[in-house]
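Note sheet for the following structure.
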Amino acid sequence: MCAEVSPGPDNSRTSEAGAGWVCQRPGTFNDLLPERVAGFSWRRPSVLWRSRNDVIARLFGDPVDAIRRRCVAALRERGTPAAFTVHRSAAEFSFALLGDTGEGDRSQYAVVPPLLHAAAGTDFMIIASDVIYPTGDAGEYPEKFFRPYRDYPAPIYAVPGNHDWYDGLRGFLHVFCDLDADCSPPPWRGALSFLPRLLWRHSGEVDRRALAEARGLYRGAPGQQGGQPGPYWAIDTPALRVIGIDTGITGVLDRDQGRWLREVSGGPKPKLLVTGKPLYVDDDHRPGPIRGGGTVDEIVQDPAHNFVAAIGGDIHNYQRYPKRTGDDRTIQYIVSGGGGAFMHATHTIPRTRVVAEDEFRCYPLRGDSLSRYSKLYGRWLRLPKLFELTPEEATAAVRHRLDIKPGRGYDGPEPSRRARFVAAVLGVPRDGRRRPRFLRFPVHRVPQRFRSELADWDRPPFFKSFLRLDVTESQLRIRCYAATGCGDHETAPPCEDEVTIPLR
1 MCAEVSPGPD NSRTSEAGAG WVCQRPGTFN DLLPERVAGF SWRRPSVLWR SRNDVIARLF
61 GDPVDAIRRR CVAALRERGT PAAFTVHRSA AEFSFALLGD TGEGDRSQYA VVPPLLHAAA
121 GTDFMIIASD VIYPTGDAGE YPEKFFRPYR DYPAPIYAVP GNHDWYDGLR GFLHVFCDLD
181 ADCSPPPWRG ALSFLPRLLW RHSGEVDRRA LAEARGLYRG APGQQGGQPG PYWAIDTPAL
241 RVIGIDTGIT GVLDRDQGRW LREVSGGPKP KLLVTGKPLY VDDDHRPGPI RGGGTVDEIV
301 QDPAHNFVAA IGGDIHNYQR YPKRTGDDRT IQYIVSGGGG AFMHATHTIP RTRVVAEDEF
361 RCYPLRGDSL SRYSKLYGRW LRLPKLFELT PEEATAAVRH RLDIKPGRGY DGPEPSRRAR
421 FVAAVLGVPR DGRRRPRFLR FPVHRVPQRF RSELADWDRP PFFKSFLRLD VTESQLRIRC
481 YAATGCGDHE TAPPCEDEVT IPLR
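Under UniProt numbering, the sequence shown has 484 at position 484, and the numbering climbs by one with no breaks.
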């Protein structure tokens, strides 16, 4: 139940069928799946244990900076230019962008057919955060990266997410930068330093032969090779500079990367930032600290740098905040993390304050998000008659609690007491105020490692999404496409949002 956009082809804002609630035929993505799809659940103790580096980094200190410095030094010794920049001569080009892709299950493969249709003719693709779940292991790239995108004919670049760093970024660096680096953390100091040394999950060995075979089998064509210069990089073109940053595990940039970002952001050329952590998300400002002082968003908002948009992954849905700056510019802050992993709820987003509610966009609509989660909780708690809400019932409950315009033009009666109860316990704020955590069920703010059935499913509608960006000398056009998992939407995926940004 985000603000309305102008009517267009059938999408979630015009009908339930456009949202994927009514599927006339199954998606062909099922034909793309491997013969055996490995089960993936965050409730498994083995998965939690493999993901433990996130907790260790936050409790005992994040070793990412030191590991990254060693990797960057190795890349520069190999001859990689210090600017970490790829130059493209075409002033007009297009690219696809999607974030948080690599669970390797049905929800990831459901994105592939609509992506191949909507991204036809694009010059490259960018993955913004978390290429591989749960721990970025090199051994999982064949089935979670090379195989799903084997039919995408152009290069793929990426910025790493926190999950890619759980193996010290070793798999990511090998696949994207052809670097097998020393990913061991530096020694911790202090009275309890033995704990992180004992508990830290070290990266495994890289099977270069297996990865080479997978690349040759699935993405071996010359046009598919990109040559990414490092974990952070820039793609420079005559009309726009695209800058990708590595936000590590905790979202903090080290001094060297912060210095590089300031340098590569200089000059009047329009720029677009791609980051593993969004700067505005869930009606909250997360500016991105840089060690030694300053923030990523200070660099983005500096008028001398001329950023027009900042796109981040990590949160698994689509959000857009057109934020006006003090010098009368508008920067589009976008979340694009719906590329394949489980869906983060949008119904927990309060009535927006960082921008006017009628300017805010999200996918799925808040009402669709609440309806989908109500069905999950109804099944999980075995109380379907109590919890399950239709999309119209859920939309009415969201409208009641947030006092915002209903999605899809629903204009029904006031929600029932049952619908209001479900909305309250599943985290819909009242009148834009955030409810105390102990008064709501763990829907959105529950840590990812505990979500499992609570926030994942294998049947349409999936509510996944991806972006297509088209650049000319005078404008940047950004479109958000839905991946519902329905066969009806694979060749003509619904366009859920669109914005055109002048570059002159």
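Think of the CB as a built atom: it goes at the ideal place given N, C-alpha and C, for glycine as much as any other residue.
Note that the structure is predicted; figures quoted are calculated from it, not measured.
*asked:* Here's the rule: buried if 16 or more other CB atoms are within 10 angstroms of the residue's CB, otherwise exposed. What is S107?
replied: For the purposes of this step, residue 107 is taken as the residue at position 107 of the sequence shown. Buried, because 16 or more other Cβ atoms sit within 10 Å of the Cβ of S107.
*Which residue spans inside the stretch 314 to 359 form an unbroken beta strand (DSSP E) run of at least 3?*
318 to 324, 330 to 336
*Could you name the residues of the same chain whose beta carbon sits closer than 6 Å to that of T80, not counting the 5 residues immediately before and after it, in chain order?*
The count along the sequence shown starts at 1 and reaches residue 80 at position 80. These residues qualify, in order along the chain: P229.
*What are the boundary residues of the alpha helix (DSSP H) that includes D297?*
For this step, residue 297 is matched to residue 297 along the sequence shown. D297 -> alpha helix (DSSP H) spans 296 to 301.
*Is there contact here, the stretch 58 to 67 with the stretch 248 to 262, by at least three beta-carbon pairs under 8 Å?*
yes
*asked:* Can you find the residues in the same chain that come closer than 7 Å, C-beta to C-beta, to Y218, ignoring five residues on each side of it along the sequence?
replied: Residue 218 sits at position 218 when you count from the first residue of the sequence shown. If we look at Y218 and ignore the five residues flanking it on each side, its Cβ neighbours are F146, R147, R150.
*When you compare each of A309, A119, E103, R430 to T330 by their alpha carbons, which one comes out closest?*
Taking the sequence shown and counting its residues from 1, the one referred to as residue 330 is at position 330. If we check each option's Cα against that of T330, A309 comes out closest.
_Within a Cβ cutoff of 8 Å, which residues of the same chain sit near A320, ignoring the five residues on either side of it in sequence?_
Locating residue 320 in the sequence shown gives position 320, where the first residue counts as 1. According to the sequence provided, residue 320 is Arg. The question's Ala does not apply to it. So the list reads Q332, Y333, I334, V335, F360, R361, C362, C480, D497, V499, once near-sequence residues are dropped.
_Check for me: the alpha helix (DSSP H) holding L179 runs from which residue to which?_
Numbered from 1 along the sequence shown, position 179 holds the residue referred to as residue 179. That residue, L179, is in no alpha helix (DSSP H); it is neither H nor E in DSSP.
*Just tell me which of A483, R50, H347 has its CA closest to the CA of L402.*
Reading the sequence shown from its first residue, position 402 is the one you call residue 402. Closest option to L402, Cα to Cα, is H347.
*Mind the definition here: the stretch 268 to 281 touches the stretch 236 to 247 only if three or more C-beta pairs lie below 8 Å; say whether that holds.*
yes
*So does the stretch 284 to 304 actually touch the stretch 92 to 108, counting three or more Cβ pairs closer than 8 Å?*
no
*Simplified DSSP assignment, three categories, for P113*: Here residue 113 refers to the residue found at position 113 when the sequence shown is read from its first residue. Helix.
_Neighbourhood of P494 by C-beta distance below 6 Å, restricted to the same chain and skipping five residues each side_ = For the purposes of this step, residue 494 is taken as residue 494 along the sequence shown, with counting starting at 1. For P494, where only same-chain residues beyond five positions count, the Cβ hits under 6 Å are N11, G18, A482.
*Out of curiosity, what's the CA-to-CA distance linking R420 and E473?*
Position 420 of the sequence shown, counted from the start, is the residue given in the question as residue 420. Position 473 of the sequence shown, counted from the start, is the residue given in the question as residue 473. Answer to the nearest angstrom: the Cα atoms are 50 Å apart.
*asked:* To test your reading of the DSSP string, which unbroken alpha helix (DSSP H) runs of 4 or more residues are found completely within the UniProt domain "Calcineurin-like phosphoesterase" (94 to 191)?
replied: 106 to 109, 112 to 118, 170 to 177
*Helix, strand or coil: which one does DSSP assign to L261?*
Translated into positions along the sequence shown, residue 261 becomes position 261. Helix, per DSSP.
*Nearest neighbour of R504, chosen from Q475, A492, Y109 [CA to CA]*: Along the sequence shown, read from residue 1 onward, the residue named residue 504 stands at position 504. Closest by alpha carbon: Q475.
_Inter-residue spacing [alpha-carbon to alpha-carbon] between H444 and A345_ = Counted from its first residue, the sequence shown places residue 444 at position 444. Counted from its first residue, the sequence shown places residue 345 at position 345. Note that H444 has pLDDT 47, beneath the 50 cutoff, so the model's placement of it is unreliable and the number below is only indicative. Going from the Cα of H444 to the Cα of A345 covers about 6 Å.
*Do L169 and L467 have their CB atoms nearer than 8 Å?*
Translated into positions along the sequence shown, residue 169 becomes position 169. Translated into positions along the sequence shown, residue 467 becomes position 467. The answer is no: Cβ separation not under 8 Å.
*Buried versus exposed, by CB contacts within 10 Å (16 or more), P185*: For this step, residue 185 is matched to residue 185 along the sequence shown. Buried: at least 16 other Cβ atoms inside 10 Å.
*With a CB to CB cut of under 6 Å and the five nearest residues on each side skipped, what residues in its chain are close to A341?*
Within the sequence shown, the letter at position 341 stands for residue 341. Here the set comprises D100, E103, H316.
*Whole angstroms is fine: what's the gap from G409's alpha carbon to P461's?*
Counted from its first residue, the sequence shown places residue 409 at position 409. Counted from its first residue, the sequence shown places residue 461 at position 461. Using only the alpha carbons, I get a separation of about 20 Å.
*asked:* Measuring alpha carbon to alpha carbon, tell me which residue in T390, A158, L365, R379 is nearest I311.
replied: On the sequence shown, residue 311 is found 311 positions in, with the first residue counted as 1. With distances taken between Cα atoms, I311 lies closest to A158.
_For residue 514, tell me which candidate among C177, L199, T122 has the shortest Cα-Cα distance._
Nothing about residue 514 can be reported from this structure: the residues present for the chain run from 1 to 504 only.
*asked:* For S465, report the span of its alpha helix (DSSP H) as first-last.
replied: Sequence index remark: in the sequence shown, residue 465 carries index 465 (1-based). Careful: S465 lies outside any alpha helix (DSSP H), inside the beta strand (DSSP E) at 464 to 471.
*In whole angstroms, what is the alpha-carbon distance linking C23 and G487?*
On the sequence shown, position 23 is the one that residue 23 refers to. On the sequence shown, position 487 is the one that residue 487 refers to. Cα to Cα, C23 sits roughly 7 Å from G487.
_One question on the structure: do F124 and V471 come within less than 8 Å of each other, judged by their Cβ atoms?_
Residue numbering aside, residue 124 sits at position 124 when the sequence shown is read from its first letter. Residue numbering aside, residue 471 sits at position 471 when the sequence shown is read from its first letter. No, Cβ-Cβ distance for F124 and V471 is not below 8 Å.
*In or out: P187 buried (at least 16 other Cβ within 10 Å) or exposed?*
In the sequence shown, the residue the question calls residue 187 occupies position 187. Counting Cβ neighbours within 10 Å, P187 comes out exposed, since fewer than 16 surround it.
*asked:* Suppose the cutoff is 7 Å on Cβ atoms and the five residues either side in sequence are ignored; what does the same chain contact list for V398 look like?
replied: Within the sequence shown, numbered from 1, the residue matching residue 398 stands at position 398. Only M1, H347, R366, G367, L370, A423, V428 meet the Cβ criterion.
_Collapsed DSSP secondary structure at D236 in the structure displayed_ = Here residue 236 is taken as the residue at index 236 of the sequence shown, counted from 1. Looking at D236 - three-state DSSP - the assignment turns out to be strand.
*So is L198 buried or exposed if we call it buried at 16+ other beta carbons inside 10 Å?*
Mapped onto the sequence shown, residue 198 falls at position 198. Under this definition L198 is an exposed residue.
_Buried versus exposed call for T491 [16 or more other C-beta atoms within 10 Å across all chains shown]_ = Here residue 491 corresponds to residue number 491 of the sequence shown, with the count starting at 1. T491 comes out exposed.
_Whole-angstrom distance between R36 and N30, CA atom to CA atom_ = As a first step, residue 30 must be located in the sequence shown, where it is residue number 30. As a first step, residue 36 must be located in the sequence shown, where it is residue number 36. Looking at the two C-alpha atoms, the distance is approximately 12 Å.
*Do you know how far the Cα of D137 is from the Cα of H489?*
Working through the sequence shown from its first residue, we reach residue 489 at position 489. Working through the sequence shown from its first residue, we reach residue 137 at position 137. One C-alpha to the other measures close to 33 Å.
*Since G367 is in the beta strand (DSSP E), which residue starts that stretch and which ends it?*
Residue 367 sits at position 367 when you count from the first residue of the sequence shown. Here G367 belongs to no beta strand (DSSP E); instead the alpha helix (DSSP H) covers 366 to 380.
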